[in-house]
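Here's the structure we're looking at; comments come further down.
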Amino acid sequence: MTSIFQRALGADFARLHPQLQRRFGVSVTGGQACVGTGVMEHVWHAGFTRPFLALGGTRNILVPAQGRQVPFTIENYPYVDTYGRETVSFVRTFDLPGRPRRFDAQMVHDPAKGIVDYLGSHQHLAVDLDFQVDERGGLVIRSGGFRFHEGRLSCRLPALMTGTAVVRESYDDEAGEFRIGVTVSHPRLGPMFGYWGAFQVHYVDVAEHGVPATVMPRREEVRR
529 MTSIFQRALG
539 ADFARLHPQL
549 QRRFGVSVTG
559 GQACVGTGVM
569 EHVWHAGFTR
579 PFLALGGTRN
589 ILVPAQGRQV
599 PFTIENYPYV
609 DTYGRETVSF
619 VRTFDLPGRP
629 RRFDAQMVHD
639 PAKGIVDYLG
649 SHQHLAVDLD
659 FQVDERGGLV
669 IRSGGFRFHE
679 GRLSCRLPAL
689 MTGTAVVRES
699 YDDEAGEFRI
709 GVTVSHPRLG
719 PMFGYWGAFQ
729 VHYVDVAEHG
739 VPATVMPRRE
749 EVRR
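So this is what it looks like as structure tokens:
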């Protein structure tokens, strides 16, 4: 079985840089996870976002802190969740002054929607994602609509309450490392949050080492 990202991109997956093909080719049947470590040159946010980031930070959604030259880890483990869906963890840890901050997400393949990204330790937010390959073999991910799920409450959030995230990932052959840039922007207020930097990766044998409990969400959400 192909990875969830191969299914999302279809034939375009072959246009990715070979290192990106390997990184986003991790799957349950492939038996490997991808763990990256590096430095984010800048983690930033707009001042007006601080109360929202502080609230989201209690559930590992975005990062309510700023810094430069921030040590960074990203853990991408493929597994099957309790609802039988193939999932890949995107657990990012930023070693910011004071204490480390986490930004958790779990990407799930949905036959009807493609890839749905569940954000946070309790998967309160579900986001549709669009995947594209750029002219240089880099990967561009854009967020679509957001849904909020908590208890009996389940609703779509209006665009003015959220924003649009754009993730650009590429591979630098000369430096031998991945480059990443993330920007979240509001349709009226402009840039809200982001980070950029570089990292290197190593691959982990999941059959031998298993999926760490630390990358699993505390609660899984079946609603999309």
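Position in the sequence shown (from 1) plus 528 gives the number in the working numbering.
We treat Cβ as the ideally placed atom computed from N, Cα and C, and that holds for glycine.
On a predicted model such as this, the values are computed, not experimentally measured, just so you know.
Would you mind stating whether LEU544 and VAL661 have Cβ atoms separated by less than 7 Å?
yes
So, helix, strand or coil for THR610, using DSSP?
coil
Beta-carbon proximity of MET568 to PHE600, cut-off 7 Å:
yes
Rounding to the nearest angstrom, what Cα-Cα distance links GLN597 and TRP724 in this structure?
10 Å
Whole-angstrom distance between LEU624 and CYS683, CA atom to CA atom
33 Å
Below 8 Å on the Cβ atoms is my guess for GLU688 versus ARG716; work out the distance and round it to an integer in Å.
According to the sequence shown, residue 688 is Leu rather than Glu. Their Cβ separation, rounded to whole angstroms, is 7 Å, which keeps LEU688 and ARG716 in contact under 8 Å.
Span of the alpha helix (DSSP H) holding ALA735?
734-737
Grab me the residues of HIS476's own chain with a C-beta within less than 7 Å of its C-beta, minus the 5 sequence neighbours each way, in chain order.
Residue 476 is absent from the structure shown; the chain starts at 529 and stops at 752.
contact_flag[the stretch 553-560, the stretch 726-744] where n(CB pairs < 8 Å) is 3 or more:
yes
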